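Report on the following structure.
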Amino acid sequence: MAIFTSSTLDVPNTSSIPRHIAIVMDGNGRWAKNRLMPRVAGHKRGVDAVKRTVQACCELGVEHLTLFAFSSENWRRPPEEVSVLMRLFIRVLRKDVEAMHRENICLRIVGDTTAFEPELQAAIASAQELTKNNTRLYLNIAANYGGRWDILQATKNMLKSRPDLADNPELITEASLSQHLCLQGSPEPDLFIRTGGEQRVSNFLLWQLAYTEFYFTDKFWPDFGKPMLLEAIDSYNNRERRFGRTSEQIQPQLVNVLQSAQ
Ligand code: IPE
Ligand code: IPE
Ligand code: MG
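Under my numbering, the sequence shown has 26 at position 26, and the numbering climbs by one with no breaks.
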């Protein structure tokens with residue numbers, strides 16, 4: 001499924017339902033803290049929000065959904081929290097993958113999975129194998145993912161597959177690098193959503209977010225679902241995606257209105 005699309009080289013086709021939505025699922029810990037519950041309770045409830053969001057994307061016809069589940073920096077958290085997150089990940093992969101398969105969802109884990117314990121790596125491999133030919137929704141879960149790591153690993157793999165490029169760097173193009181990025185085959189995200197109130201990228205899809213529309217909400221991830229997704233899509237539909245062009249180029253009728261007003 002290697003289709004090369006680049007918002008910096010070509011103006012992509014857009015539609016009212018974003019083809020690709022990328023979400024930083026943030027605020028689990030604070031959701032739990034507000035209820036005097038341990039942080040991990042927030043992570044558990046976060047899994048329900050993932051299920052609601054996946055279901056809503058299927059219903060709305062979103063083609064690609066990329067969820068940030070664990071960043072390369074999240075290893076800095078207390079070991080007990082990291083361990084609970086890993087157990088939760090294994091449990092979801094084992095328990096819910098059959099249902100995803102029945103829904104025709106293709107699951108891909110993106111990130112440096114070699115750092116995970118063998119049990120988790122095995123669960124990832126079998127979930128990906130089971131769902132690999134599914135086509136209704138391409139669901140990417142970013143785990144041990146970092147945008148800088150992604151660009152670095154793509155560079156290394158590009159040079160491994162094309163050693164000649166090291167001596168001829170002028171031959172390197174966006175396409176030669178981006179085909180090695182984790183999300184190769186997916187169009188660039190149209191809409192980026194971050195829950196939890198922070199307005200930052202936190203080393204998510206640094207390359208792929210070049211022309212993505214950003215939507216931030218103060219609501220915490222465990223409360224997320226179809227109504228909040230629709231609010232984000234509504235906001236997205238009020239944006240003018242110019243990709244470097246002028247407003248008048250996108251809405252030629254504006255030029256006529258302005259000219260007749262002169
Ligand atoms: C996001 O929620 C989940 C992960 C990063 C794994 P947080 O755990 O970051 O929740 P807050 O930001 O502390 O509330
Ligand atoms: C970003 O959330 C990573 C995930 C949601 C998996 P963080 O909570 O780790 O982000 P920072 O540390 O506040 O930037
Ligand atoms: Mg957080």
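We treat Cβ as the ideally placed atom computed from N, Cα and C, and that holds for glycine.
Values in this document were obtained by computation on a predicted structure and should not be read as measured data.
Top-ranked residue by Cα proximity to residue i, from the options
i, options, result
"Phe224", "Ala210, Thr195, Glu248 and Gln208", "Thr195"
"Leu93", "Asn104, Ile141, Arg136 and Gln259", "Ile141"
"Tyr127", "Thr66, Asp167 and Val97", "The sequence shown places Ala at residue 127, not Tyr. If we check each option's Cα against that of Ala127, Val97 comes out closest."
"Gln153", "Pro189, Thr114, Thr135 and Asp218", "Thr114"
"Arg87", "Ile105, Phe116 and Ala210", "Phe116"
"Gly42", "Trp75, Pro18, Val84 and Thr14", "Val84"
"Glu109", "Cys182, Asn157, Asn168 and Trp149", "According to the sequence displayed, residue 109 carries Ile and not Glu. When each option's Cα is compared against that of Ile109, the closest is Cys182."
"Ile124", "Arg91, Arg148 and Trp149", "Arg91"
"Ser5", "Thr173, Pro79 and Met158", "This sequence places Thr at residue 5; Ser is not what is there. That would be Thr173, whose Cα lies nearest to the Cα of Thr5."
Outcome for residue i when other beta-carbon atoms lying within 10 angstroms are tallied against a minimum of 16
i, result
"Gly46", "buried"
"Val255", "exposed"
"Glu240", "exposed"
"Trp75", "exposed"
"Asp26", "buried"
"Thr135", "exposed"
"Glu213", "buried"
"Leu9", "exposed"
C-alpha gap between residue i and residue j, whole angstroms
i, j, result
"Gly146", "Leu36", "31 Å"
"Ser176", "Asp112", "21 Å"
"Arg245", "Val40", "46 Å"
"Arg102", "Val24", "26 Å"
"Ser202", "Ser247", "31 Å"
"Ile250", "Arg242", "7 Å"
"Gln55", "Lys226", "8 Å"
"Gly197", "Glu188", "24 Å"
"Ala2", "Glu73", "The pLDDT assigned to Ala2 is 43, lower than 50, so where the model puts this residue is not dependable; a value taken from the coordinates is nonetheless given after this. Each residue's alpha carbon lies about 29 Å from the other."
"Ser16", "Tyr215", "15 Å"
"His180", "Leu165", "14 Å"
"Thr66", "Gln259", "44 Å"
"Leu137", "Ile105", "5 Å"
**Request:** Quick one: which unbroken beta strand (DSSP E) runs of 3-plus residues sit fully inside the region 159–220? Chain order, please.
**Result:** 191–194 and 213–216
**Segments of 3+ residues assigned as beta strand (DSSP E) that fall wholly inside the region 79–143** = If we require 3 residues or more, the beta strand (DSSP E) runs fully inside the region 79–143 come out as 105–110.
**Request:** For ligand 1, enumerate in chain order all residues having a CB closer than 7 Å to any of its heavy atoms.
**Result:** Chain-ordered list of matching residues: Met25, Asp26, Gly27, Asn28, Gly29, Arg30, Trp31, Arg39, Gly42, His43, Gly46, Ala69, Phe70, Ser71, Asn74, Leu85, Gly196, Phe220 and Trp221.
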